[in-house]
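Below is one structure, written out as structure tokens; comments come after it.
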Amino acid sequence: MELVIGKDGDHDVAVDAQELVTGRTCIIAQSGAGKSWGIAVICEQLLQARIGFCLVDTEGEYSSLAERFPLIRIGSGDDRDVDIERANLRDVMQEAICSRTAVIFDVSETNMRDKVAQLADVLYNLESRLKKPFLLVLEEADKFIPQSGDAIKQIEEISRRGRKRGLGLLIATQRPSLVTKNVLSQCNNQIIGKLSIENDLKAVSLFFSSRKEVTELTELEPGEFFVMGGLSRGKVKMRFRNRICRHGGQTPRLVPAQPVRPGDRRRAEPCGGKPQ
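Sequential numbering from 0 applies to the sequence shown in numbering that gives the first Met the number 0.
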């Protein structure tokens, strides 16, 4: 089975679903280069194919997926299906794995590290027994598996031994140099967009055969990515396809305001009301 995730000119770019769901993949691009858009596109294609996954949402920006697709939202917000503080995570995730249901695990309003560590432990133990294809998508991976500091050990374990259990891992980051090499080096599938910082270029150089290829990353336009490894036949340059759902990760737009006239001394009111 293949999932069409983007375009190379007029040609569809498809990735192998089995490799995506049970392998180890990284999506890497600097801020504003389209990483969150790409993750959402992949999730939409998984949802359309009824392939189970759990997305760790650190900013609460993927809830719009629920507007078009059936899924389970675990979190602290009013739109949650399951309260993250009271959830029997083992039961919820077992049901998700067995029914091929997607889960949005929103940690934007809670202790991220503790909750993600608990999730990784539950998934690894469940899949050691169930052995059904399921994908863990980890946004802002540098928060949970840093190069400097304590990485969540069970995520490292998933990167090493998850495949035989049917448990895949997709990590996403703007700063690959801040992600532990123990996990980054395990990612045999790569989707890499624009990077400019030298340390980050060095961190991804293990995926390329020459310095010239690494330098090409600095020349990419926002939205352009290279797809490499086991996901595709050779290195492919592409743009992710259009979203099905409303995109929740957009930068707030600056809108024109009424200009201040000379002599106008009225104090501006903040969004919360009149100044004190």
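We put the beta carbon where it would ideally sit given N, CA and C, even for glycine.
Going by C-alpha positions, D77 is about 14 Å away from I71. With the rule of 3 Cβ pairs closer than 8 Å, the region 18 to 36 does not count as touching the region 106 to 119. Excluding five sequence positions before and after G74, the CB atoms of its chain that fall closer than 6 Å to its own CB belong to I83, D105, given in chain order.
A straight line joining the alpha-carbon of L183 with that of E215 spans about 20 Å. Annotation: the continuous alpha helix (DSSP H) that includes Q17 extends over 16 to 21.
F206 places its beta carbon 7 Å or farther from that of Q185. About 12 Å separates the beta carbon of L118 from that of L168, a gap too long to meet the 8 Å contact definition. If you look at Q189, you'll find it in the beta strand (DSSP E) that goes 188 to 191. Membership of M111 in any beta strand (DSSP E) is not indicated; the residue belongs instead to the alpha helix (DSSP H) covering 111 to 129. The beta carbon of G5 sits closer than 6 Å to those of V12, M237, R238, F239, R240, all from its chain and outside the five residues before and after it, given in chain order. Of the residues L64, G222, T172, S231, the one whose Cα lies closest to the Cα of T100 is L64.
By the neighbour-count criterion, in which 16 or more other beta carbons inside 10 Å mark a residue as buried, K152 falls on the exposed side.
Between the region 40 to 55 and the region 216 to 224, the count of Cβ pairs shorter than 8 Å is below three; the stretches do not touch. Nearest in C-alpha terms to E43, of all of A116, D9, V3, E18, is V3. DSSP, read as helix, strand or coil, puts P145 in strand. Closest in C-alpha terms to C97, from the list I38, I103, R112, E126, comes E126.
Boundaries of the alpha helix (DSSP H) around C97: 88 to 98. DSSP, reduced to helix, strand and coil, places L230 outside both helices and strands of the structure shown, so it counts as coil. D78 sits in coil when the DSSP states are folded into three classes, being neither helix nor strand. In its chain, beyond the 5 residues on either side, D105, S107 have a beta carbon closer than 6 Å to the beta carbon of G59. Excluding five sequence positions before and after I157, the CB atoms of its chain that fall closer than 7 Å to its own CB belong to A119, Y123, L135, L166, L168, given in chain order.
Straight across, the Cα-Cα distance linking K142 with S35 is about 16 Å.
The Cβ atoms of T172 and Q146 lie no closer than 7 Å to each other.
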